[in-house]
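Student:
Numbering (the UniProt record's numbering), first residue to last: 1 to 268.
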């Protein structure tokens, strides 16, 4: 079959080119190159302190690369204003805690700020987008509640709804399932996947990553050490070598993706 030229030349949604990141005197990320296609769902996995969150932070301008280039749909993010970047990339971070006494509806509405012109109030369309985002995040009836009074899991879903309300083409999720029970972990990731946009998520739960991600990268010591489909990446050798624990790999009976049964105790 003749290859589709458009498929091979299409501009990736996200492209890291020879990126390295130094924080203080320490180089955290080393010579990283990674492309994510439009509509892909990439899982970034690895042990604690491997550099996963640092890699993601470049996308939403929380930091700039010390070297190399990061582009979103072909545009260098360093050359993009914060406002324009926020129209392209929404992020749920690990440090998204809010202490102000806002209602849930007010918190979610802040996701519309990159799209609202100065001195213009939110429109009916903006409010409808926020309502839909809250429903997708499983908090459809929470609008009147005070954010400060919510549980950790409820707060997490509000912040996910805020990211959904931003209506960007790229969604960055840094440990999105923190504080969520099993049902809401699956519901939130299903809602993210259903949006049909590019999703890049740092995940600790490897079994969930295998079920939702089209591609995985394993990060260790600031470098990508494995990349491919979940079946390619989640092998017993990779788990033992980079996560330090023995395991057995089985196949999900319906989804046909790898699932990991961990052995008791670590290997190092």
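For every residue, glycine included, the Cβ atom is placed at its ideal position computed from N, Cα and C.
Should residue 261 be labelled buried (16 or more other beta-carbon atoms within 10 Å of its own) or exposed?
Tutor: When all chains shown are included, residue 261 counts as exposed.
Student: Which residues in the same chain have their Cβ closer than 6 Å to the Cβ of residue 87, if we skip the five residues on either side of it in sequence?
Tutor: Here the set comprises 114.
Student: Looking at C-alpha atoms only, which residue of 171, 131, 218 and 20 is the closest neighbour of residue 72?
Tutor: Out of 171, 131, 218 and 20, 171 has the C-alpha closest to the C-alpha of residue 72.
Student: For residue 39 and residue 192, I'd like the C-alpha separation in whole angstroms.
Tutor: One C-alpha to the other measures close to 11 Å.
Student: Output yes or no for whether 7 Å exceeds the beta carbon distance between residue 145 and residue 104.
Tutor: In this structure, residue 104 lies closer than 7 Å to residue 145 by Cβ.
Student: Per DSSP, residue 27 forms a beta bridge with which residues?
Tutor: Its beta-bridge partners are 22.
Student: I'd like to know whether the C-beta atoms of residue 263 and residue 246 end up nearer to each other than 7 Å.
Tutor: Result yes, Cβ atoms of residue 263 and residue 246 sit closer than 7 Å.
Student: Using the DSSP secondary-structure output, state which residues sit across from residue 146 in a beta bridge.
Tutor: Paired residues: 103.
Student: Relative to the alpha-carbon of residue 69, which residue among 116, 22, 82 and 16 has its alpha-carbon at the smallest distance?
Tutor: Nearest C-alpha to residue 69: 16.
Student: With a cut-off of 8 Å, do at least 3 Cβ pairs link the segment 175-195 to the segment 157-164?
Tutor: Contact between the segment 175-195 and the segment 157-164 is present, because at least three Cβ pairs lie under 8 Å.
Student: In terms of residue numbering, what span does the alpha helix (DSSP H) encompassing residue 184 cover?
Tutor: 182-194 is the extent of the alpha helix (DSSP H) around residue 184.
Student: Could I get the ranges of all uninterrupted beta strand (DSSP E) runs contained in the segment 189-254, with 3 residues as the minimum, in chain order?
Tutor: Within the segment 189-254, the complete beta strand (DSSP E) runs of at least 3 residues are 198-202, 215-220, 223-228 and 245-251.
Student: Determine, using beta carbons only, whether residue 202 and residue 92 come nearer to each other than 7 Å.
Tutor: Not in contact: residue 202 and residue 92 (Cβ atoms no closer than 7 Å).
Student: Taking only three categories from DSSP, how would you classify residue 153?
Tutor: In this structure, residue 153 counts as helix in the three-state DSSP scheme.
Student: Run the CB neighbour count on residue 184, radius 10 Å, all protein chains shown included, and call it buried at 16 or more, exposed below.
Tutor: The residue in question, residue 184, is buried, as its Cβ has 16 or more Cβ neighbours within 10 Å.
Student: If you drop the 5 nearest sequence neighbours on each side, which residues of the same chain put their C-beta closer than 6 Å to that of residue 59?
Tutor: Closer than 6 Å at the Cβ level, and outside the excluded window around residue 59, lie 89 and 172.
Student: For residue 283, which residues of its own chain have a beta-carbon under 7 Å away from its beta-carbon, when the five flanking residues on both sides are left out?
Tutor: Absent from the model: residue 283. The displayed extent of the chain is 1 to 268, so no value can be given.
Student: Alpha helix (DSSP H) containing residue 126: first to last residue?
Tutor: Segment 124-136, the alpha helix (DSSP H) holding residue 126.
Student: In whole angstroms, what separates the C-alpha of residue 22 from that of residue 136?
Tutor: Roughly 37 Å separates the two Cα atoms.
Student: Residues in the same chain with beta-carbon distance under 8 Å from residue 1, minus the five sequence neighbours each way, listed in chain order, please.
Tutor: The predicted position of residue 1 is uncertain, since its pLDDT is 45 and thus under 50; a value taken from the coordinates is nonetheless stated next. If we look at residue 1 and ignore the five residues flanking it on each side, it has no Cβ neighbours.
Student: Look at residue 36 and residue 65 and say whether their C-beta atoms are less than 7 Å apart.
Tutor: Not in contact: residue 36 and residue 65 (Cβ atoms no closer than 7 Å).
Student: In the DSSP assignment, find the unbroken beta strand (DSSP E) run with residue 54 in it and report its ends.
Tutor: Careful: residue 54 lies outside any beta strand (DSSP E), inside the alpha helix (DSSP H) at 52-57.
Student: How big is the Cα-Cα spacing for residue 54 and residue 106?
Tutor: Computed Cα separation, rounded: 29 Å.
Student: Which residue comes first and which comes last in the beta strand (DSSP E) that contains residue 82?
Tutor: Looking at the DSSP string, residue 82 is not in any beta strand (DSSP E); the run it does join, the alpha helix (DSSP H), is 82-88.
Student: Report the three-state DSSP secondary structure of residue 270 (helix, strand or coil).
Tutor: The structure shown does not extend to residue 270, since the chain is modelled only from 1 through 268, so no value can be given for it.
Student: Within 10 angstroms of its Cβ, does residue 85 collect 16 or more other Cβ (buried), or is it exposed?
Tutor: Classification for residue 85: buried.
Student: Is it the case that the Cβ atoms of residue 213 and residue 43 are separated by a distance below 7 Å?
Tutor: Contact: yes.
Student: Which residue wins for smallest C-alpha separation from residue 10, given the options 74, 49, 165 and 28?
Tutor: Cα-wise, what sits closest to residue 10 is 74.
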